[in-house]
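Trainee:
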Amino acid sequence: MTEEQTGKTEADIKTEVVAKAKRRQHSAEYKLRILQELDECKGTGLAGALLRREGLYSSLVSKWREQRERGSLSGLSEQKRGPKVDPNASELVRLQRENKRLKEQLERAELIIDVQKKVAQLVGTTPLPKNEED
1352 MTEEQTGKTE ADIKTEVVAK AKRRQHSAEY KLRILQELDE CKGTGLAGAL LRREGLYSSL
1412 VSKWREQRER GSLSGLSEQK RGPKVDPNAS ELVRLQRENK RLKEQLERAE LIIDVQKKVA
1472 QLVGTTPLPK NEED
């Protein structure tokens, strides 16, 4: 077709291909709104039109439904990406510090006990001055 037949110029038609597609991210509010609309469309045959309008796949929507059933969709907006934090990690660190502190305290106590034993041995082996009366 020519420009005269379509009525569009070359500037009107975008043919540039993006080097890397950007991954879409949907907020929890958006997901819940779409799921609500789909629930309202049940039995009317309008669900397909809604998915086409929003550019969504049914497999994606089924994952959103699973998330909603698990209850993870309600807290999704406040979750952050990255490595999962072990809830017991802080307790583990605290216990390791306490263990180290107690080991150092035990070493000091054992050193003191060793010194006291040696002093007791020295005191016990030295003869006491005898009284002249004996």
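Sequential numbering from 1352 applies to the sequence shown in the numbering used here. Backbone N, C-alpha and C define an ideal beta-carbon position, used for all residues, glycine too.
Alpha carbon to alpha carbon, what distance is there between Trp1415 and Ser1428?
Mentor: Only weak support exists for where Ser1428 lies, its pLDDT of 49 falling under 50; the value from the coordinates is given anyway. When rounded, the distance between both Cα atoms is 13 Å.
Trainee: Does the segment 1404-1424 come within contact of the segment 1375-1384, defined as at least 3 CB pairs closer than 8 Å?
Mentor: A contact exists between the segment 1404-1424 and the segment 1375-1384.
Trainee: Where does Asp1437 fall in DSSP's three states?
Mentor: The answer is coil: DSSP assigns Asp1437 none of H, G, I, E or B.
Trainee: Taking the C-alpha atoms as reference points, what is the distance between Glu1455 and Asp1465?
Mentor: Taking the straight line from one Cα to the other gives about 15 Å.
Trainee: Under 8 Å between the Cβ atoms of Glu1388 and Leu1401?
Mentor: Their beta carbons are under 8 Å apart, which means Glu1388 touches Leu1401 by this criterion.
Trainee: Mind checking Lys1382: buried by the 16 CB within 10 Å criterion, or exposed?
Mentor: With 16 or more Cβ atoms within 10 Å of its Cβ, Lys1382 is classed as buried.
Trainee: Would you check whether the ligand ADP has a heavy atom nearer than 7 Å to the C-beta of Gln1376?
Mentor: As far as ligands go, the structure on display features none, and thus does not contain the ligand ADP.
Trainee: Could you tell me the distance, in whole angstroms, from the CA atom of Asp1437 to the CA atom of Lys1373?
Mentor: Distance between the alpha carbons of Asp1437 and Lys1373: 31 Å.
Trainee: Would you mind reading off the limits of the alpha helix (DSSP H) that contains Tyr1408?
Mentor: Segment: none, Tyr1408 is in no alpha helix (DSSP H) and carries neither H nor E.
Trainee: May I have the straight-line CA-CA distance separating Lys1435 from Ala1460, to the nearest angstrom?
Mentor: Lys1435 and Ala1460: Cα-Cα distance of roughly 41 Å.
Trainee: Do you know offhand how far Ser1413's Cα is from Arg1448's?
Mentor: Rounded to the nearest angstrom, the two C-alpha atoms are 47 Å apart.
Trainee: Are the CB atoms of Arg1419 and Leu1386 nearer to each other than 8 Å?
Mentor: Result yes, Cβ atoms of Arg1419 and Leu1386 sit closer than 8 Å.
Trainee: Roughly how many angstroms separate the alpha carbons of Gly1475 and Ser1441, rounded to a whole number?
Mentor: If you take the alpha carbons of Gly1475 and Ser1441, they lie about 51 Å apart.
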